[in-house]
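Asks: Following my numbering, the numbering of the sequence shown begins with 19 at its first residue and continues without gaps.
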Amino acid sequence: MAGSDDSAWEYDPSLPAAALFVALWSLTVFPHIYQMFATRKWYMWTLIFGGAWELVGFIFRILSIKNPTSIGYAAPHQALIILAPIWIAAWDYMTLGRLIHVFLPTQRAFGLPARRITLLFVTGDIVSFLIQLVATNFLVGDDEPSAHDIKLGTNIIMGGLALQLLMFAFFIAVSVRFEVLYNRAFGRDGRSRWFALMKCLNVSCACIVLRSVYRIAEFASPYPGPLVTHEIAFYLLEALPMLPTLFLFNWWHPAKVMPGQEGSFRAEKKRLKMERKQKAAAESQGDVEMMGAREETRTT
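Put into structure tokens, the structure is as follows:
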């Protein structure tokens, strides 16, 4: 099978290993779906999307192993596994923004409001996603991509991965700034409430960075390099590091730190809108009462 002209694989892939990871991803994705509805933390859909893409990617891996000459199974397997971490990274960014919004008195870091920081992170993540989506089309979009397409797709996807690493560097800087500002405002009081979630976010990002470095090294090597021809590299540096990015938050769910509507930008927006309406209504009522008092004075 491996290395044959018609096979999509450069090695003999393990069917039991792929089946194991389908089971492992199922054990975290489906509980996350339940937790999202139970806690009404609707922004969790982003994390669930990432895990679901990993899960479906490994299902396609099983189908590709059973049908090694079919690009129809190999292509979605590659695309889903490559792109899934972008959803998970976006969720990490959104959660950090919510921590800043809830726990810092100014709701700012580096002079930027929490909502704008989140928007910057997500915008960078979307750009990285689009770059890597275009790249995967060059790499796996045709039955037999040309040497030119492979080279172009490789260069494009490395650019997308490099942007992802740049966003992680900004994430680290904002995380450190968050802790500095919190300690300056409150010292060590209340740190236990958010500290575990922040460390889980740091571990999640470290896992995605490890995986991104692996992918950059894989695509930078002459094809087919050792990272392409040895399945153990894929499982140790891609598949295994991604599991904690979801399992950690089954254990330490954001709802433990920010229960109910706390941390919700949408709820905050609705609250401010309601306050403005109430203020306008109060001012209008005050104007009416003042006019009535003037009219009464005139009549007397």
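Beta carbons: idealized from backbone N, C-alpha and C, even for Gly.
The structure displayed is predicted, hence computed values, not measured ones.
(1) Can you tell me the Cα-Cα spacing of His119 and Glu197, whole angstroms?
(2) With respect to the alpha helix (DSSP H) encompassing Asp207, which residues constitute its N-terminal and C-terminal limits?
(3) Compare the beta carbon distance of Val40 and Phe76 with 7 Å and say whether it is the shorter of the two.
(4) Using 7 Å as the threshold, is the C-beta distance between Asp5 and Ala180 below it?
(5) Where does Val194 land, buried or exposed, given buried means 16+ other C-beta within 10 angstroms?
(6) Can you list, in chain order, the residues of its chain with a C-beta nearer than 6 Å to that of Ala132? Leave out the 5 residues immediately preceding and following it.
(7) Residue ranges of each alpha helix (DSSP H) run of no fewer than 4 residues wholly in the region 43-116, ordered along the chain?
(8) From Ile175 to Ala153, what distance separates their C-alpha atoms?
(9) Terminal residues of the continuous alpha helix (DSSP H) containing Gln150?
(10) Kindly confirm or deny that the region 197-213 and the region 246-254 touch, where touching means at least three C-beta pairs closer than 8 Å.
(11) Classify His166 as helix, strand or coil using the three-state DSSP reduction.
(12) I'd like the span of the alpha helix (DSSP H) that includes Leu266, first residue to last.
(13) Quick check: the Cα distance between Gly68 and Met260, rounded to an integer number of angstroms?
(14) Determine, using beta carbons only, whether Met112 and Thr141 come nearer to each other than 7 Å.
(15) Compare the Cα-Cα distances from Arg206 to each of Phe121, Gly129, Arg58 and report the closest residue.
(16) Using a C-beta cutoff of 7 Å, does His166 count as contacting chain D?
(17) Roughly how many angstroms lie between the CA atoms of Leu183 and Tyr232, to the nearest whole one?
(18) Going by DSSP, which residues form a beta bridge with Arg211?
(19) Label Ile190 either buried or exposed according to how many other C-beta atoms from any shown protein chain fall within 10 Å of its C-beta, with 16 as the threshold for buried.
Replies: Considering the structure as presented:
(1) Here the alpha carbons of Glu197 and His119 stand approximately 13 Å from one another.
(2) Run containing Asp207: none; DSSP gives neither H nor E here.
(3) yes
(4) The question about residue 5 has no answer, for the chain in this structure spans 19 to 318.
(5) Under the 10 Å beta carbon count, Val194 is surrounded by fewer than 16 other beta carbons and is classified as exposed.
(6) Gly115, Ile118, His119, Gln125
(7) 63-84
(8) Near 5 Å, if we compare the C-alpha coordinates of Ala153 and Ile175.
(9) That run of the alpha helix (DSSP H) goes 132-158.
(10) No, they do not touch.
(11) helix
(12) 262-269
(13) 10 Å
(14) no
(15) Phe121
(16) Annotation note: the requested chain D is absent from the structure, which comprises a single protein chain.
(17) 12 Å
(18) Arg211 pairs with nothing; no bridge assigned.
(19) exposed
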